[in-house]
Every structure is written in C-alpha cells, then in structure tokens.
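Numbered according to the working numbering, the sequence shown terminates at residue 568, and the numbering increases by one at each position without gaps.
Don't be surprised by glycine CBs; every beta carbon is placed ideally from N, CA and C.
Please read these numbers as outputs of a predicted model, since none were measured by experiment.
Everything on this sheet refers to the single structure shown next.
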Amino acid sequence: MAQAAGPPRTVLITVDDDPAVSRAVARDLRRRYGESYRVVRAESGESALEALRELKLRGDPVAVIIADYRMPAMSGIEFLEQAIDIYPDARRVLLTAYADTGAAIDAINVIDLDHYLLKPWEPPEEKLYPVLDDLLEVWRAADHRRVAVTKVVGHRWSARSSAVREFLARNEVPYRWYSSDDPEGRRLLAAAGEDGRRLPLVVTPDGTALVAPADRDLAARVGLATTPAADFYDLVIIGGGPAGLGAAVYGASEGLRTVLVERSATGGQAGQSSRIENYLGFPDGVSGAQLTDRARRQAAKFGAEILTAREVTGLEVGGAARVVRFADGSAIAGHTVILATGVSYRQLDAPGAAELTGCGVFYGSALTEAAACQGQDVYIVGGANSAGQAALYLARSAKSVTLVVRGPTLAATMSHYLVQQVEEAPEISVRANTVVEAAHGEHQLERLTLRDTESGGSELVDAQWMFVFIGAAPRTDWLEGTVLRDSRGFILTGPDLAPEGRLPAGWELDRPPYHLETNVPGVFVAGDARAESAKRVASAVGEGAMAVMLAHRYLEQS
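Dropping the structure here:
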C-alpha cells in the first residue's frame, strides 16, 4: 500500500562556478546532513536563482544558502542579494579566498551575511560543520510552517477575477488560481454552493468562502491589516508608493508613531514594474515587487503600522489635529500628514475600451496576466518608461509585442537605456504616430482599430491583450476645498504657494510654507502627486524622507 507523501525535506543549496569546488561542498554537506536535508547544487548564480524560484513555488523550505564570492557572471554577493527576496529567512554563507575577506566583511552589512568561510575548509569537522550546525539551529528555532494558500476560482475573462488576482499578488498573499471550467474549480464552486455565475469565488485558508468580495472584505479575511490600532498618531501617511513607504521608514525609524494608509496595495505604479534598472544601488536592476517588499518589511521592522484597502475621502483641520476620514465614515487623526497618493493611469478614451477592461484591456503591467500572454501577440499603448519596461518583460514569452506610440519616436518620453533595449529586442516593434481608435470584442478583446495620426488611415488588427500606459492623473479630488491644487489636480507646495512672496490665503503662521508643505500647516506632499515633481522612484523616496524631516521641524515649532 502506497504511503502518503510526507512534508518536503528542508533544502541546503550551494552555488559555485568551479565544478570541483561545487562537488566538494555538496559532498561534505551530504556526508553530514544528507539524511535529514536535501542538498541542491548549482554552478552559476542564475541557475541557483532558478532553482530557488522552483523550490518557492513548490513550497519547499530552504534553510542555508552557500555561495562562492568569485563567480564571473554574478558574484556571490549579488546572488545572495537576490536570493534574500525569494527566501528572506534562509541563513547566508559566503565562500571566500583570503584575499577577499574585506569584501566578505562588507557583505555582512550589505546582505545581512550570517558567516563567511575561507577556502579550503578542511577539515570540515572543524571549519564547516560547526558553523552550519549553529546556523541550522538558529533557522530551526524560527517558525517555518508551510504558508496556507488562498484559493481563487474565476474565469480568464472575468474583470473582477483579474482584479482579485492582482490585489492578492501585489499584497504578497499566496494564492492558487483555478479556472471555473476546470474539475477542481467546479468542485470548489459546488462545495461553496455556487453555480459559477458569480465570480470569483475566494476560499481563505480557514475555509471561508467569499463570492466576488470587495477589496476591504478580502483584505481582512486574508490577514491584511485594515483597522487602525489607535485613534491618534504623530504621522499619518496617505498612499503606499515609494514616497509613502520612504516616509514610513524614516518616520518610524525616528520614533514617530506612524501609520500608512493604502487604498489598494503598497508599491504604487512602481510596484507593478517588472524591472527598474536606474535605481541607485541595484546595478542589475530590481523588480517593483522586490523593492516594495523590502521597503514594506523595513517600515514594519521600525514599527510603522500599514493599513490596506482603506479609501480616504476627506482631510479636515481640527485645532492642532489633522483628521483623515475614511469612506465608511470612520476617521483617524495625527499631528502631521504626508500626502503620497501618487497617480493613476489615465483611461483610454476609445469606444469599447471601458467595457473590455479586465477582459483583455489592462491598465499598468498587470503582471498576473503575463503568463497567459505566452506565444500570443500583445499590444502596449504608451511610450514612457513603464511601457518600455512592460514591453521588455512581456517579450520574454509573447510571440510579439507592439508598442503603440502617439509621438514620432520613443526618445522624447523614454529613458535612453530603455530605448536601446527596446530597439535591440527582435520581438518588439514600434508603431509611431499611432493611436488606438477602438477596441472590439463581445466578451473579451478580439481586435483593435489603429489610426495613423499623420496619414489618417486606419487598420483593424487582431489582438487579445492590450496594456495601457498613457500618462497619469493625480488622486486628489477628495482634497477639494482643503488643499490647493493646480489646474491638473497636482498639489501645490512651498514656493508655488507664495508667488511673488505673497502667503496663501488663510495662512496664519509667521513663516512661509516649507518646501513640501501645503497651504494647510503640518500637511506635506511627497512623490508624484506634488506639482512639478520628477516622477521617478528615487526622487519619490527622497521626498518621502524630506517630508518627514520637515514634519519633525513643524512638530518642534508647534
């Protein structure tokens, strides 16, 4: 009689580009730990990362990662920096030669290195095993139970099903997708007493069945914080993009009682980026999801409270307090507020686009849909960096990617390094001086009408996937009557509030507004929502930190 499979064995993974050294490490590991642990060997950083990703998908635990410092394509430090994002709790060991000990010591701070070993490590009983025994004991002391998975049953062309998948993915909630047409999907629907007409069905780890849930209900059921722990804070941050997360890290680390309120998922538009290559400190690039996850963990480490799926609808002044009101009528207050609401993608003004949103038409990267684009023709509308990053990401698996650009070239709107990469990618073509005139399809996107703005001619093309990046609008309508904005809705701050030295109407302090301060004292702005901001990740993070510094100055003088 076959026995049921037990839990997966914990993995020890080693990577070294020298086959002889790689085999020696694996041999010594198996000799000591082979009965209790599974040893995985790789001969390059990239292959080791691929192995880690596969282990992650299967839910296999990884206790220790051992990497050689000197590898040609990817150094051990670079590899471990990326491995942290996949298995943040795994213990990390660097193999070095005596000449590289300085780099190894520096890596202790850069990648939270647990130990470095000099080569050769003979005899292992004295130089290798005692180190690993200690690291394994530390790893076992933590809770590494397998993460319970949320189940989502939906239809490929259901807009709400797509939105729920995106919400869970961006909030780092593990889930498993089942099509409503698959046997397992039908079984889950039947168990919940549903016939599939209302989708998606979400089954939480505790067995609760939710039918087409709203984001806030879903967030609360899958373990995301939605209710504030207090009524009053030193600092209330509205928006969880790079600016908001930067402010949360700096505010909490400096001792301010800090709460961050996000309407959907932390990361903002940057969090949806498949690869950011011009952010300081990441020469090999970093995905928006990785950057967001690190920032969120960093903010939580310092004690910042993060609320998800809370819609802010108003800001009021109550004496020294700044009151933030939510859509459900509840409120929190703080001494200071930082507005980091960012921007949202503008909607495509073309017949059929609104009706097919989520059914082949997507705004932003919608990375959860990327796997379904394999081998298909994809259209991307827009010519800025976000469009270029999405094109390069989707080109890895799509049959073709077409960038539809209103202007004559990409050079005016896209960073030079991205233009070069797009031009070198054989799967990507650019249709300049072109706009989408209409989207067609009954239940899903089937065709697009493209119009050449120079000749005026139109063409009907087959298309099942269209991702739209056509500029952004600030999310600031709820501030009407309280905070001054420009004609496009971006928030005015500092010198822009005092042209020719005149203070804004109603300003009662004997000083002009600080650089990032609005016409309401103690209310600051950081990131893309600010008028004339740089619209870059690095500048948004910097403004978040600067806004906290100015909030401190405001508090000291109050």
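- In this chain, the beta strand (DSSP E) harbouring Pro484 covers Ala482 to Pro484.
- If the five residues before and after Glu437 are omitted, its C-beta is found closer than 7 Å to the C-beta atoms of Ala405, Ala408, Ser410 and Val411, all from its own chain and listed in chain order.
- For His125, DSSP records a beta bridge to Val103.
- Within the same chain, Leu220 come within 8 Å of Asp227 by CB-CB distance, once the 5 residues on both sides are set aside.
- In the structure shown, Thr160 adopts extended strand secondary structure according to DSSP, grouped into three states.
- Nearest to Pro193 by C-alpha distance, out of Pro215, Val163 and Ser171, is Val163.
- Taking every protein chain shown into account, the CB of Ala539 has 16 or more other CB atoms within 10 angstroms, so this residue is buried.
- A straight-line Cα-Cα distance of about 14 Å links Arg186 and Glu379.
- Residue range Ala169 to Arg180 is occupied by the alpha helix (DSSP H) that includes Phe177.
- Excluding its 5 nearest sequence neighbours in each direction, Gly295 has C-beta neighbours in its own chain below 7 Å: Arg285, Ile286 and Glu287, listed in chain order.
- Residue pairing by DSSP places Phe242 opposite Ala343 in a beta bridge.
- When Val533, Pro523, Thr106 and Ser85 are compared, the shortest CA-CA separation from Asp244 is found for Val533.
- Within the DSSP secondary-structure output, Ala331 pairs in a beta bridge with Gly328.
- Per DSSP, Val493 lies in no beta strand (DSSP E) and is assigned neither H nor E.
- Bridge pairing for Tyr188: Val163 [DSSP].
- Distance from the CA atom of Arg208 to the CA atom of Gly195, rounded to whole angstroms, is 13 Å.
- By DSSP's assignment, Glu272 forms a beta bridge with Thr318.
- The way I'd put it, the region 353 to 369 does touch the region 158 to 173; three or more beta-carbon pairs between them come closer than 8 Å.
- Pro71 is not a Cβ neighbour of Thr160, given a cutoff of 8 Å.
- Straight-line measurement puts the Cα of Gly250 at about 7 Å from the Cα of Thr351.
- In the three-state reduction of the DSSP assignment, Ala448 falls in the strand class.
- Under the three-state reduction of DSSP, Ser549 is assigned to helix.
- One thing to note: Arg461 has its Cβ within 8 Å of the Cβ of Ser468.
- Judged by DSSP secondary structure, Arg441 falls within the beta strand (DSSP E) whose first and last residues are Ile438 to Arg441.
- Excluding sequence positions up to five before and after Ala179, its CB lies within less than 6 Å of the CB of Thr378, all in the same chain and listed in chain order.
- Around Ala239, the same chain offers Glu315 as residues with beta carbons nearer than 7 Å, after the five sequence neighbours per side are excluded.
- Distances from the CA of Pro505 to each of Gly499, Arg521, Glu490 and Ser497 were compared; the closest alpha carbon is that of Arg521.
- Closest in alpha carbon position to Val558, among Ile390, Gly254 and Arg441, is Gly254.
- DSSP places Val530 in the coil class of the three-state scheme, outside both helix and strand.
- As DSSP reads the structure, Tyr355 sits in a beta bridge with Ala482.
- With distances taken between CA atoms, Lys66 lies nearest to Pro98 out of Ser465, Ser32 and Pro98.
- As the crow flies, the alpha-carbon of Pro484 is around 19 Å from that of Gly256.
- Assignment of alpha helix (DSSP H) within the region 193 to 253, counting only whole runs of 4 or more residues, yields 193 to 201 and 225 to 231 in chain order.
- DSSP places Thr302 in the uninterrupted alpha helix (DSSP H) bounded by Gly298 to Lys311.
- A contact is defined here as three or more CB-CB pairs under 8 Å, and the region 128 to 144 fails this definition with respect to the region 330 to 347.
- For the options Gly55, Val388, Gly537 and Glu510, the alpha carbon positioned closest to that of Leu455 is the one of Val388.
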